[in-house]
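So in the working numbering, spot 30 of the sequence shown is number 100, and the numbers just go up one at a time.
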Amino acid sequence: MPNKFKSDLEEDLSRLRRMLRKVAGDDVEEVRRRLAKQDEARVLDIACGECNEAEVLTDFLADLKGDAPGNVKLTGIDVRAREIENAQRRFGGKREQMVRPGSRECEFMTGDASKLDGHGELGEEFDLVFMRHQNYWNGAKTWEEIFDQALGKVGDDGRLIITSYFDKEHELALEAIQRLGGELIRTEFNAETRKLITDGKSVDRHVAIFKRKKG
Ligand SMILES: C[S@@+](CC[C@H](N)C(=O)[O-])C[C@H]1O[C@@H](n2cnc3c(N)ncnc32)[C@H](O)[C@@H]1O
């Protein structure tokens with residue numbers, strides 16, 4: 071991988087780490103309390119592609135879990151088999167955590183995220199459901215189905231976090247997710263976002279956090 075590309079990716083991930091902390095803010099106390107009592111914290115990364123963010127997400131959950139021992143597990147799903155193979159090769163498997171007792175595990179599956187209900191093996195009630203660079207513009211109907219399925223996987227006190235490349239696409243996704251039963255907690259513009267060649271497009275330009283509306 072060329073050095074410039076590698077360093078761009080690494081800097082994007084450092085910025086994503088900061089954005090996750092910023093958007094979560096004090097809100098995640100509920101999640102934290104829940105995680106402290108659980109043996110395992112689980113994150114579902116939808117439309118994860120090669121899942122460059124795997125370590126950022128497992129670190130984020132491990133931080134929320136605090137000193138409580140226990141495992142962190144990430145499940146990534148994408149419709150593209152080649153990307154999933156790469157994700158599995160790079161991040162798949164289980165390893166011990168360095169700082170406290172417990173393991174960190176990543177697994178990846180090829181599948182259509184608009185039909186998550188058909189993947190019983192996923193289970194329910196994720197502590198965090200994540201979508202990086204949701205792609206609402208590339209098929210609003212499919213992405214509304216994906217958002218709907220994603221909300222269905224958010225546990226009580228769990229959170230959904232999305233990031234977007236574009237202003238308008240983010241706005242449309244916020245509207246759709248709220249219509250489908252998400253309660254917007256906060257959305258943040260990433261002031262350090264890295265611009266891409268396409269006009270108005272940049273990496274993790276916006277990050278938003280939701281919970282499921284009750285009732
Ligand atoms: C803009 S890319 C983002 C990929 C990755 N999250 C990232 O930030 O690099 C959108 C991703 O959505 C995936 N995707 C599109 N439709 C999907 C579907 N129905 N089920 C699962 N993944 C889908 C694509 O394969 C692609 O990897």
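Cβ coordinates follow ideal geometry from the N, Cα and C atoms, glycine included.
Computed from a prediction, not measured in an experiment: that's the story for all the values here.
| Asked | Found |
| --- | --- |
| Identity of the residues DSSP links to PHE280 by a beta bridge | LEU230, LEU254 |
| Cβ-based burial, SER184 [other Cβ within 10 Å; buried from 16] | buried |
| Near ligand 1: HIS203 beta-carbon under 7 Å from a heavy atom | yes |
| Any non-hydrogen atom of ligand 1 within 7 Å of GLY270 CB | no |
| ALA183 CB to nearest heavy atom of ligand 1 below 7 Å | yes |
| GLU215 versus ASP148: straight-line alpha-carbon distance, rounded | 14 Å |
| Distance cut-off 7 Å: CYS176 Cβ against heavy atoms of ligand 1 | no |
| DSSP-derived helix/strand/coil call for LEU131 | helix |
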